[in-house]
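S.K.: Numbering (the numbering used here), first residue to last: 2 to 189.
#1: Look up residue 44 in the DSSP assignment and say whether it is helix, strand or coil.
#2: In whole angstroms, what is the alpha-carbon distance linking residue 145 and residue 76?
#3: Do the region 25-43 and the region 94-111 make contact, defined as three or more Cβ pairs closer than 8 Å?
#4: Relative to the C-alpha of residue 168, which candidate in 115, 44, 129 has its C-alpha closest?
#5: Going by other Cβ atoms of all chains shown within 10 Å of its Cβ, with 16 needed for buried, is residue 173 buried or exposed?
#6: With H, G and I counted as helix, E and B as strand and the rest as coil, what does DSSP make of residue 51?
#7: Pairs of beta-carbons, one from the region 81-96 and one from the region 26-34, closer than 8 Å: are there three or more?
#8: Determine, using beta-carbon pairs with one atom in the region 10-22 and one in the region 51-71, whether at least three such pairs fall under 8 Å.
#9: On the CB-based measure, 16 or more other CB atoms within 10 Å of its CB, does residue 35 come out buried or exposed?
#10: In angstroms with no decimal places, state the Cα-to-Cα distance between residue 134 and residue 175.
#11: Which residues in the same chain as residue 123 place their Cβ atom closer than 8 Å to its Cβ, once the five residues preceding and following it in sequence are excluded?
#12: Who pairs with residue 69 in a beta bridge, going by DSSP?
#13: Which class does residue 138 belong to by DSSP, given the choice of helix, strand or coil?
#14: Take residue 178 and list the residues in its own chain whose beta-carbon comes closer than 7 Å to its own, dropping the five residues that flank it on each side.
#15: Would you call residue 235 buried or exposed, if buried means 16 or more other Cβ atoms sit within 10 Å of its Cβ?
#16: Please list the segments of the beta strand (DSSP E) lying wholly inside the region 98-136, counting only runs of 3 or more residues, in order along the chain.
#17: For residue 113, which residues from the same chain have a beta carbon less than 6 Å from its beta carbon, with the 5 sequence-adjacent residues on both sides left out?
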């Protein structure tokens, strides 16, 4: 139902599953394993996988901490997008990459729930994409020392509000990895 005309395809968007970003993240190993399963399913169903990697003053482009975690291996033909803002669309070629693939629906997994995941799902939705948030395949580090709720509550809250997100001509859903449809859209 995307508002992007002629864009029937779905892509799996893997956001910031990088060494330094997920080091010490809540349920890191289980989340990464579920993302690896989604990547395998997407590849077997010929659904594009698009990788996003963050860099900034504290996370140097090309550094060991910037690298995708070893459990995940982007294929040589899978697009990779470098970003410097929370929203993976801001200041990047992501919109063009997805247009070239005829993508109108995104299945989103990765890190960090309370920053780049939240910014990217909203950014995608406002740009006309249908967005599926994979409820058990995003994580974050503990920021409770700065007043944030515990990570499990941040994840639960994000999953809760995203399932009720709405806008004309677009769909939002929040589903666990085992229930994700990688076809062209909801119900497929």
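Ideal Cβ positions, reconstructed from N, Cα and C, are used throughout, including at glycine.
Just so we're clear, the structure is a prediction, and the values are computed from it rather than from any experiment.
M.R.: Taking the structure as given:
#1: helix
#2: 36 Å
#3: yes
#4: 129
#5: buried
#6: Strand, per DSSP.
#7: no
#8: yes
#9: buried
#10: 5 Å
#11: 88
#12: Paired residues: 19.
#13: DSSP places residue 138 in strand when its eight states are reduced to three.
#14: Closer than 7 Å at the Cβ level, and outside the excluded window around residue 178, lie 35, 38, 39, 135, 137, 138.
#15: Only positions 2 to 189 of the chain appear in this structure, which leaves residue 235 out of reach.
#16: 104-112
#17: 141
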